[in-house]
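Notes to accompany the following structure.
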Amino acid sequence: MFSTKVTRAAAIGIVVASLVGASATAAHAAVQANGSEGPAYVYNPADEVMYPAGKVFAFNDETVIAQSPTDGRAPFLCSADSTSVFSFVTAIGSERTPSAWVAYAAAGNAKSLIQPTVSFDQQILGSQTAVKTAGGNYSVGIACLKDNNVNLAASGLYYFTAHVTPVTGAYTVEQPDAGVAPTPTVDPTLTGTLNLSATTASAANGVLSLSVPTNAAAAIGSPTLIGGLSTSTGTLGDIAVNDGRVVSKEGWTLSASVSDFTNSADSTVTINKKQLGFSPKIVSTTAVGVVASAAQTAGSSVFPAAVASTTPGSAVGTTIVNADLTFVSPADRVAGTYTSKLTLTLASK
Numbered sequence: 006m007f008s009t010k011v012t013r014a015a016a017i018g019i020v021v022a023s024l025v026g027a028s029a030t031a032a033h034a035a036v037q038a039n040g041s042e043g044p045a046y047v048y049n050p051a052d053e054v055m056y057p058a059g060k061v062f063a064f065n066d067e068t069v070i071a072q073s074p075t076d077g078r079a080p081f082l083c084s085a086d087s088t089s090v091f092s093f094v095t096a097i098g099s100e101r102t103p104s105a106w107v108a109y110a111a112a113g114n115a116k117s118l119i120q121p122t123v124s125f126d127q128q129i130l131g132s133q134t135a136v137k138t139a140g141g142n143y144s145v146g147i148a149c150l151k152d153n154n155v156n157l158a159a160s161g162l163y164y165f166t167a168h169v170t171p172v173t174g175a176y177t178v179e180q181p182d183a184g185v186a187p188t189p190t191v192d193p194t195l196t197g198t199l200n201l202s203a204t205t206a207s208a209a210n211g212v213l214s215l216s217v218p219t220n221a222a223a224a225i226g227s228p229t230l231i232g233g234l235s236t237s238t239g240t241l242g243d244i245a246v247n248d249g250r251v252v253s254k255e256g257w258t259l260s261a262s263v264s265d266f267t268n269s270a271d272s273t274v275t276i277n278k279k280q281l282g283f284s285p286k287i288v289s290t291t292a293v294g295v296v297a298s299a300a301q302t303a304g305s306s307v308f309p310a311a312v313a314s315t316t317p318g319s320a321v322g323t324t325i326v327n328a329d330l331t332f333v334s335p336a337d338r339v340a341g342t343y344t345s346k347l348t349l350t351l352a353s354k
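Numbering (my numbering), first residue to last: 6 to 354.
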């Protein structure tokens, strides 16, 4: 199992080394609190998922390490003078002295390693049995070596801390803290301050206005019999409310009043204005807080009626208002054309 893992790491490492070997030392992460030259996250090699904090491992559980908490294949890099890589288990504080390692194993000679194995039972040199029997706190990781495996290379020492239970060999690990980034040191000679001064002008309060097209007229036509009553439909047409009061933002209310309808052929024949159904709607607006009022139902409409309004204090702008119209003629009224006048009133709140 160990030789298979070493072959895999070495083969991938050759490809990566050809890309990054020349600048390996520059790519190292920040030194960790335990002295490791970069983080060493413990992963499950079967699914490449990082083991959760607090997991209890068996002594012979297979584990690999990676430099990232989210990428199980993030490589470890050795400096250019490295000639070999070993995995190791050693007492805390002796990581930089290969001759003091308790147990260790060769892990290839690539300058970039992906998922190197650090399983306790794979440390076949030295005495893994002593670790299991005595238990205690250990550093576990990999080291890039030179000088025929005697000395550490210029860089490439990565490890985590493990707490081993005597006799059983069960252990837990301290995963690096992935959520805390080091605070960068800023050279004071690279910073400077200057005073800013901005001049402003007082905002001019605009006006509130209503725009109705010249000679505007709403045709309510296409009569059909619904429930035995003549029912005609139409639309009011777009009406613009322009509110430029950017300072006071007082809000506004738009209302409509309607006169009774008169037969064009016989002015003595009228239809009450309550027969006009009126359903306001907002076509568009650049203001905030504009709402259309409730619809009036033909046959029971009450005028004057609210059309739309906006809330005081809201952003101002232009609002386009329209309304769907429905006219229901009583059964006792003669057929024909009936006319009326609708008056819109815009008032500030």
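Every residue gets a Cβ at the ideal spot worked out from N, C-alpha and C, and that includes glycine.
- Message: DSSP has residue 257 in a bridge; who is on the other side?
- Response: The residue you call residue 257 lines up with position 252 of the sequence shown. DSSP lists 353 as the bridge partner or partners of residue 257.
- Task: Report the rounded CA-to-CA distance for residue 175 versus residue 72, giving the unit in angstroms.
- Result: Position 170 of the sequence shown, counted from the start, is the residue given in the question as residue 175. Position 67 of the sequence shown, counted from the start, is the residue given in the question as residue 72. Each residue's CA atom was taken as its position, placing residue 175 and residue 72 some 24 Å apart.
- Query: Which full runs of the alpha helix (DSSP H) of 4+ residues lie inside the stretch 87-170, going along the chain?
  - Reply: For the stretch 87-170, the full-length alpha helix (DSSP H) segments reaching 4 residues or more read 133-139 along the chain.
- Query: In chain order, what residues of the same chain lie with their CB nearer than 8 Å to the CB of residue 265, ignoring the 5 residues before and after it?
  - Reply: On the sequence shown, position 260 is the one that residue 265 refers to. If you ignore the 5 residues before and after residue 265, its C-beta comes within less than 8 Å of the C-beta of 275, 276, 277, 278, 345, all in its own chain and listed in chain order.
- Can you give the Cα-Cα distance for residue 102 and residue 198, rounded to whole angstroms? Taking the sequence shown and counting its residues from 1, one reaches residue 102 at position 97. Taking the sequence shown and counting its residues from 1, one reaches residue 198 at position 193. Approximately 48 Å between the Cα atoms of the pair.
- Item | Identified DSSP bridge partners for residue 82 | Mapped onto the sequence shown, residue 82 falls at position 77. Residue 82 is bridged to 117.
- Item | the stretch 208-224 contacting the stretch 293-310, beta-carbon criterion three pairs below 8 Å | Counting Cβ pairs under 8 Å, fewer than three are found: no touch.
- Tell me which same chain residues have a C-beta within less than 8 Å of the C-beta of residue 54, skipping the five on either side of it? As a working note, residue 54 is residue 49 in the sequence shown. The answer, listed in chain order, is 48, 77.
- State the Cα-Cα distance for the pair residue 177 and residue 112, rounded to the nearest angstrom. Reading the sequence shown from its first residue, position 172 is the one you call residue 177. Reading the sequence shown from its first residue, position 107 is the one you call residue 112. Going by the C-alpha atoms only, they are around 23 Å apart.
- In whole angstroms, what separates the C-alpha of residue 159 from that of residue 151? As a first step, residue 159 must be located in the sequence shown, where it is residue number 154. As a first step, residue 151 must be located in the sequence shown, where it is residue number 146. In this structure, the CA atom of residue 159 is about 9 Å from the CA atom of residue 151.
- Query: What number of angstroms, rounded off, separates the C-alpha of residue 148 from the C-alpha of residue 201?
  - Reply: If you number the sequence shown from 1, residue 148 lands on position 143. If you number the sequence shown from 1, residue 201 lands on position 196. Each residue's alpha carbon lies about 53 Å from the other.
- Range of the contiguous beta strand (DSSP E) that encloses residue 225: Here residue 225 refers to the residue found at position 220 of the sequence shown. Here residue 225 belongs to no beta strand (DSSP E), and DSSP marks it neither H nor E.
- Proximity to residue 63 [Cα-Cα], best of 291, 332, 172, 117: On the sequence shown, residue 63 is found 58 positions in, with the first residue counted as 1. The candidate whose alpha carbon is nearest that of residue 63 is 172.
- Reducing DSSP to helix, strand and coil, say where residue 285 ends up. Position 280 of the sequence shown, counted from the start, is the residue given in the question as residue 285. If DSSP states are grouped into helix, strand and coil, residue 285 belongs with the strands.
- Using the rule of at least 16 other Cβ atoms within 10 Å of the residue's Cβ for burial, across every protein chain shown, is residue 231 buried or exposed? Numbered from its first residue, the sequence shown carries residue 231 at position 226. With a threshold of 16 other beta carbon atoms within 10 Å, residue 231 falls short and is exposed.
- Taking residue 243 as the reference, which of 312, 51, 269 has the closest Cα? Position 238 of the sequence shown holds residue 243. Measuring from the Cα of residue 243, the nearest candidate turns out to be 312.
- Item | Backbone secondary structure at residue 230 - three-state DSSP | Working through the sequence shown from its first residue, we reach residue 230 at position 225. Note: residue 230 maps to strand in three-state DSSP.
- Stretch-stretch touch, CB-based, cutoff 8 Å, three pairs: the stretch 136-146 with the stretch 87-104: Judged by Cβ distances under 8 Å, the stretch 136-146 makes contact with the stretch 87-104, as three or more pairs qualify.
- Given a threshold of 16 other Cβ atoms within 10 Å of its Cβ, counted over all protein chains shown, does residue 306 qualify as buried or as exposed? The residue you call residue 306 lines up with position 301 of the sequence shown. It is buried - the Cβ of residue 306 has at least 16 other Cβ atoms within 10 Å.
- Under 8 Å between C-beta atoms of residue 302 and residue 318: On the sequence shown, position 297 is the one that residue 302 refers to. On the sequence shown, position 313 is the one that residue 318 refers to. No, the pair does not count as a contact, with Cβ atoms beyond the cut-off.
- Task: Taking residue 109 and residue 130 to be in contact with their CB atoms under 8 Å, please state how far apart those CB atoms are, rounded to whole angstroms.
- Result: To locate residue 109, count along the sequence shown from 1; it is residue 104. To locate residue 130, count along the sequence shown from 1; it is residue 125. Their Cβ separation, rounded to whole angstroms, is 5 Å, which keeps residue 109 and residue 130 in contact under 8 Å.
- Backbone CA spacing between residue 11 and residue 114 [nearest angstrom]: As a first step, residue 11 must be located in the sequence shown, where it is residue number 6. As a first step, residue 114 must be located in the sequence shown, where it is residue number 109. Its pLDDT being 31, under 50, residue 11 is placed unreliably in this model, and the value from its coordinates should be taken loosely. About 10 Å.
- With distances taken Cα to Cα, identify the nearest neighbour of residue 45 among 75, 155, 338, 156. What you label residue 45 is simply residue 40 of the sequence shown in a count that begins at 1. When C-alpha distances from residue 45 are compared across 75, 155, 338, 156, the shortest belongs to 75.
- Separation of residue 349 from residue 235, as counted between CA atoms: Here residue 235 corresponds to residue number 230 of the sequence shown, with the count starting at 1. Here residue 349 corresponds to residue number 344 of the sequence shown, with the count starting at 1. Their backbone Cα atoms lie some 26 Å apart in a straight line.
- Residue of 85, 256, 181, 328 minimising C-alpha distance to residue 40: Counted from its first residue, the sequence shown places residue 40 at position 35. Comparing Cα positions, the closest option is 181.
- Item | Sub-8 Å separation of residue 251 and residue 208 beta-carbons | In the sequence shown, counting from the first residue as 1, residue 251 sits at position 246. In the sequence shown, counting from the first residue as 1, residue 208 sits at position 203. Result yes, Cβ atoms of residue 251 and residue 208 sit closer than 8 Å.
- Task: Report, in whole angstroms, the separation of the C-beta atoms of residue 341 and residue 247, which I expect to be a contact under 8 Å.
- Result: The residue you call residue 341 lines up with position 336 of the sequence shown. The residue you call residue 247 lines up with position 242 of the sequence shown. About 38 Å separates the beta carbon of residue 341 from that of residue 247, a gap too long to meet the 8 Å contact definition.
- Rounded to whole angstroms, what's the CA-CA distance from residue 260 to residue 351? Just pull it up for me. As a first step, residue 260 must be located in the sequence shown, where it is residue number 255. As a first step, residue 351 must be located in the sequence shown, where it is residue number 346. Going by the C-alpha atoms only, they are around 7 Å apart.
- Query: Looking only at C-alpha atoms, which of 223, 245, 224 sits nearest to residue 213?
  - Reply: On the sequence shown, position 208 is the one that residue 213 refers to. For residue 213, the nearest C-alpha among the options comes from 245.
- Query: Using the beta-carbon count (16 or more within 10 Å), is residue 43 buried or exposed?
  - Reply: Along the sequence shown, one-based indexing puts residue 43 at 38. Under a 10 Å Cβ-count criterion, residue 43 is classified as buried, with 16 or more other Cβ atoms of the shown protein chains found around its own Cβ.
- Message: Give me the residue from 118, 85, 163 with the minimum Cα distance to residue 37.
- Response: Within the sequence shown, the letter at position 32 stands for residue 37. For residue 37, the closest C-alpha among the options 118, 85, 163 is that of 163.
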